[in-house]
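Peer 1:
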Amino acid sequence: MGIANELRERALPEGIEWPRFEDGELVKVGNEVEFEGETMRVFSVAFTFNGWVLWCARESFDGRLCGSYGERVKRPTPKVLAKAGEGE
């Protein structure tokens, strides 16, 4: 069996799905996600029998974002920069 055949095989066991954002893109280590209203960076992903766990960090705060297989992860709301002269 060549490496091409091995790459075609499922990397995760049947029924286990890598977490995805609402647009269907895979969540990757280093991505920013919305966690309890804050923007957090993913530093680890784990799988359980019924879902996934994203270990996230922000400054001096760490947390776990848990979800069921098929549940989508929210991206942080983009920050809108103020125009010159606004907010002064």
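Each residue of the sequence shown is one higher than the last, beginning at 4 in this note's numbering. Backbone N, C-alpha and C fix where the C-beta goes; we use that ideal spot for every residue, glycine too. Predicted model only: the values in this text are computed from it and were never measured.
Nearest-angstrom Cα distance between residue 62 and residue 53?
Peer 2: Position 59 of the sequence shown, counting from 1, holds the residue named residue 62. Position 50 of the sequence shown, counting from 1, holds the residue named residue 53. One C-alpha to the other measures close to 30 Å.
Peer 1: Could you spell out where the beta strand (DSSP E) holding residue 35 opens and where it closes?
Peer 2: On the sequence shown, position 32 is the one that residue 35 refers to. Residue 35 -> beta strand (DSSP E) spans 35–38.
Peer 1: At the level of alpha carbons, what is the spacing between residue 73 and residue 64?
Peer 2: In the sequence shown, residue 73 corresponds to position 70, counting from 1. In the sequence shown, residue 64 corresponds to position 61, counting from 1. Rounded to whole angstroms, residue 73 to residue 64 spans 27 Å at the Cα level.
Peer 1: How is residue 55 classed by DSSP in three states: helix, strand or coil?
Peer 2: Indexing the sequence shown from 1 puts residue 55 at position 52. Reduced to three states, the DSSP call for residue 55 is strand.
Peer 1: For residue 36, count neighbouring Cβ atoms within 10 angstroms of its own Cβ and tell me buried if that reaches 16, exposed if not.
Peer 2: By 1-based counting over the sequence shown, the position of residue 36 is 33. Classification of residue 36: buried, given that the 10 Å Cβ count is 16 or more.
Peer 1: Just tell me which of 80, 23, 81, 18 has its CA closest to the CA of residue 57.
Peer 2: Looking up residue 57 in the sequence shown gives position 54. For residue 57, the nearest C-alpha among the options comes from 23.
Peer 1: Taking the beta carbon of residue 84 as the centre, do at least 16 other beta carbons fall within 10 Å, making it buried, or is it exposed?
Peer 2: Looking up residue 84 in the sequence shown gives position 81. The residue in question, residue 84, is exposed, as its Cβ has fewer than 16 Cβ neighbours within 10 Å.
Peer 1: Measure the Cβ-Cβ separation of residue 25 and residue 78 and say whether it is below 9 Å.
Peer 2: Residue numbering aside, residue 25 sits at position 22 when the sequence shown is read from its first letter. Residue numbering aside, residue 78 sits at position 75 when the sequence shown is read from its first letter. Yes, they are a contact pair.
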